[in-house]
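K.L.:
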Amino acid sequence: DKLQKCEVSSKDEIGELVTAFNELIDRVAELEEKRRAFVSDASHELKTPLSIIKLLSDSLIQTENPDPQFLREFLTDMNEEVERLTRIIQRLLDLTKMDQSHTNMNVEVVSVTALAGEVCEKLKPLAENKQINFIYTRPDDDLMMPIDRDSMTEAIYNIADNSIKYTENGGTVKLELLRDLGNILIRISDSGIGIPKEEIQKIFDRFYRVDKARARDTGGTGLGLSIAMDAVKLHGGYIEVSSEEEKGSTFTIVLPFESGTPAAPEDALIQESVT
Ligand code: ADP
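Just so you know, we're using the UniProt record's numbering here: the sequence shown kicks off at 184 and counts up by one.
Have a look at this one:
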């Protein structure tokens, strides 16, 4: 609140400088507001599981000679909340890492074909648990490109993990790797519950969940997609989403493959097309 805008009183260079200064102040205020909202959201998300643990432990303390069945149920619930806290904290750490990654990125030329295959292997057991038909379509050759292995793995993992989470038992999840003009496309589609049209723009926001209760049941934190988006943006790419309720969703990670490929315009980071 110390920074104050100046009045523009001349049209010369000083006037231009003052205008630029004022714009900078707006930007700082905007960033500060985002940071404040983030800290407040994060604290709130951490508080919920803690309150539940407190409630359950208070009640255990007050119960004399609780029967073993009762004890087990309470401890199981507390254990789940601890796991939830751990998940949120891990994701918060991932986000901070990503914030610094412009300088910390460990870029090497790797095969995206192999990397996507590794992510699929990791997710296979989750898909099998739900009898989901999980298909990886890969090109014949290794698509080599310079990427930061960890953050790209995380991006693909988070999106494909969602596809499995938000698809009913027995559904289908597909991961396709394609080359399109100067881009590599990693397309993950599912036959799941879909996303209401008006929510599509919001799902990349930190902590945003379309259905809080359902996301809670599936262990969601509302951070997975914002981490994926940060990671893809760090690679100069963007994510496209199309979805239809009760039919399914398609997320496409678009990565510029050849240098000089124009990246998406700023306002097209999320290109939605409802098919
Ligand atoms: P979460 O940890 O809750 O899954 P994300 O940031 O990964 O958080 O996703 C945000 C929200 O977007 C989810 O809570 C869910 O409502 C919605 N969502 C993401 N992926 C899908 C999908 N494949 N199908 C339907 N809804 C999805």
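Every residue, glycine too, gets a C-beta built ideally from N, C-alpha and C.
(1) Quick one: measure Cβ to Cβ for alanine 297 and alanine 411, integer angstroms, because I've assumed they're closer than 8 Å.
(2) Residue 146 and valine 295 look like a contact to me (Cβ under 8 Å); what is the Cβ gap, rounded to whole Å?
(3) Compute the minimum distance between the beta carbon of serine 425 and the heavy atoms of the ligand ADP, and state whether it is under 7 Å.
(4) Under three-state DSSP, which class holds asparagine 366?
(5) Suppose you measure from the CA of methionine 335 to the CA of glycine 403; what does that come to, to the nearest Å?
(6) Using a threshold of 7 Å, is the CB atom of isoleucine 197 nearer than that to any non-hydrogen atom of the ligand ADP?
(7) Just to confirm the assignment, what range does the beta strand (DSSP E) spanning threonine 435 have?
(8) Should arginine 392 be counted as a contact of the ligand ADP given a C-beta to heavy atom distance under 7 Å?
(9) In this structure, how does DSSP classify residue 462 when only helix, strand and coil are distinguished?
(10) Please classify valine 393: does DSSP put it in a helix, a strand, or coil?
(11) In whole angstroms, what is the alpha-carbon distance linking methionine 327 and glutamine 187?
P.N.:
According to the structure data:
(1) The residue you call residue 297 lines up with position 114 of the sequence shown. The residue you call residue 411 lines up with position 228 of the sequence shown. About 20 Å; that fails the 8 Å criterion.
(2) With the chain represented from 184 up to 458, any question about residue 146 goes unanswered, as that position is not in the structure.
(3) Numbered from 1 along the sequence shown, position 242 holds the residue referred to as residue 425. Not under cutoff, so the answer is no.
(4) Here the question's residue 366 lines up with position 183 in the sequence shown. Three-state result, asparagine 366: strand.
(5) As a working mapping, residue 335 is identified with position 152 in the sequence shown. As a working mapping, residue 403 is identified with position 220 in the sequence shown. Each residue's alpha carbon lies about 20 Å from the other.
(6) Position 14 of the sequence shown, counting from 1, holds the residue named residue 197. Because no heavy atom of the ligand ADP lies under 7 Å away, the Cβ of isoleucine 197 does not count as near it: no.
(7) Here residue 435 corresponds to residue number 252 of the sequence shown, with the count starting at 1. 431 to 439 is the extent of the beta strand (DSSP E) around threonine 435.
(8) Translated into positions along the sequence shown, residue 392 becomes position 209. The beta carbon of arginine 392 sits closer than 7 Å to at least one heavy atom of the ligand ADP.
(9) Because the chain here runs from 184 to 458, residue 462 falls outside it and cannot be looked at.
(10) In the sequence shown, counting from the first residue as 1, residue 393 sits at position 210. DSSP places valine 393 in coil when its eight states are reduced to three.
(11) Along the sequence shown, one-based indexing puts residue 327 at 144. Along the sequence shown, one-based indexing puts residue 187 at 4. Looking at the two C-alpha atoms, the distance is approximately 50 Å.
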